[in-house]
Amino acid sequence: STNFFLWLLFFWVFCLFWFYTPCDLPQIENGNLAQYYYSFKRYYFPMHKGKKLSYSCMVGYTTESGTQDGRITCTAKGWSPVPRCYSELALFISSLLPKLQYQCNPGYHTPSGATEDTVQCQPQGWSFQPSCIKKLESCQVPRLEHGSYSGAAQEVRLNGTLRYRCQHGYRSAAGSASDTALCLAHGWELPPSCTNCASPPVIKNGAVLGPLLESYKNGSWVEYGCQHYHFLDGPSTVYCDHGNWTEQPTCLEPCTLNVTDMDSNNLTLKWRREELVFLHGDLIEFECKQGYSFLQTAIPSPGRTQCDHGRLNYPKCVIQGKAIIFKLCF
């Protein structure tokens, strides 16, 4: 009896570890996550299996694929792929390293379903391990939760299709109430599935305020919020609508005044304030330094400009004598 309970306890701990192994805040050399993940670390971490994160590389660094942004998923073994940012020079050097092309024997294929592929030597080793998998002649019909198949077949021949329909409130991976799955040499092109809404999409410079769940029932909703000084444009509340989320908002960037640009245009702020940050859509009023004036213009308020998606145009002030000459000449 004691052994049975010990075995049961071991099994429970094993399941808990396997299904709920959390992923902590990843440390990314020469890269980072959105600032709110650091500001609200206790709220977001640890994350459970299946959760996804986006990260960005610093200037001069890129992901292995050469992009500025990457995406990782929490797995039982931690974050996958491991978030890394490579210097552009290192990637250039790796592009000069040798490549190896391999071909599979008849009846076998690469993991992507092709007959041949190419691996590249990189500073940390081969880009992936070459492998050839035996081709399938048929695909086994998988168990389908929250849905049903149109027939009773147990398997589908190669290049054959399988029709299925999802229950009310559920959708296929393509967002349809009914769909088909295609049997290919390496398995189903897209396995049959009927799900609710997955985790809501990540928005740049913003975050989901809650509630955070693995999946959401039809009609559920979540709230979005933006980082400090970012302007929320669009609906702050989005809804799960038959497997798809309604339109998400965007977080518009603020404008930060550049003192150097102000000096080069002989400007000062008309109204004193401690911070030089303005929200999208804010009107900013400047005035000229002593001895300077705005160029003659038809604009009624030449010292006023507006923050537009993180950008603004600085008015220009010139020495008063030059302004008079400019007016006489034109």
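For reference, each letter of the sequence shown is one residue, going -23 to -1, 1 to 307 in mature numbering (1 follows the signal peptide of the UniProt record, and there is no 0).
Even for Gly, the Cβ is constructed at its ideal location relative to N, Cα and C.
Check: The region 266 to 280 in contact with the region 199 to 216 per 3-pair CB rule at 8 Å; Outcome: no
Check: Stretch-stretch touch, CB-based, cutoff 8 Å, three pairs: the region 107 to 117 with the region 80 to 88; Outcome: yes
Check: Span of the alpha helix (DSSP H), counted from its first residue to its last, around Q12; Outcome: Q12 to S16
Check: Where V118 falls, given that 16 or more other Cβ within 10 Å makes a residue buried; Outcome: buried
Check: As assigned by DSSP and simplified to three states, the class of A184; Outcome: strand
Check: Check whether L253 and T282 have beta carbons under 8 Å apart; Outcome: no
Check: Local Cβ density within 10 Å of E230, reported as buried at 16 or more and exposed below that; Outcome: buried
Check: Sufficient close CB pairs (3 or more, under 8 Å) joining the region 197 to 205 to the region 120 to 138; Outcome: no
Check: Backbone CA spacing between L305 and L10 [nearest angstrom]; Outcome: Low local confidence applies: a pLDDT of 43 at L305 is under 50, so the model's placement there is unreliable, and no value is given.
Check: Validate contact between the region 134 to 143 and the region 158 to 176 using beta carbons, cut 8 Å, 3 pairs; Outcome: yes
Check: 3-residue-minimum beta strand (DSSP E) runs that sit fully inside the region 138 to 165, ordered along the chain; Outcome: 138 to 143 and 155 to 161
Check: Nearest-angstrom Cβ-Cβ length linking Q80 and E93, presumed shorter than 8 Å; Outcome: 4 Å
Check: Cβ contact (3+ pairs, closer than 8 Å) linking the region 16 to 25 and the region 35 to 42; Outcome: no
Check: Residue closest to S176, alpha-carbon to alpha-carbon, out of K28, Q4, R134 and C(-1); Outcome: K28
Check: Supposed contact pair Y291 and S244 - C-beta distance, whole angstroms, cut 8 Å; Outcome: This sequence places Leu at residue 244; Ser is not what is there. Yes, L244 and Y291 are in contact; Cβ-Cβ is about 6 Å, under 8 Å.
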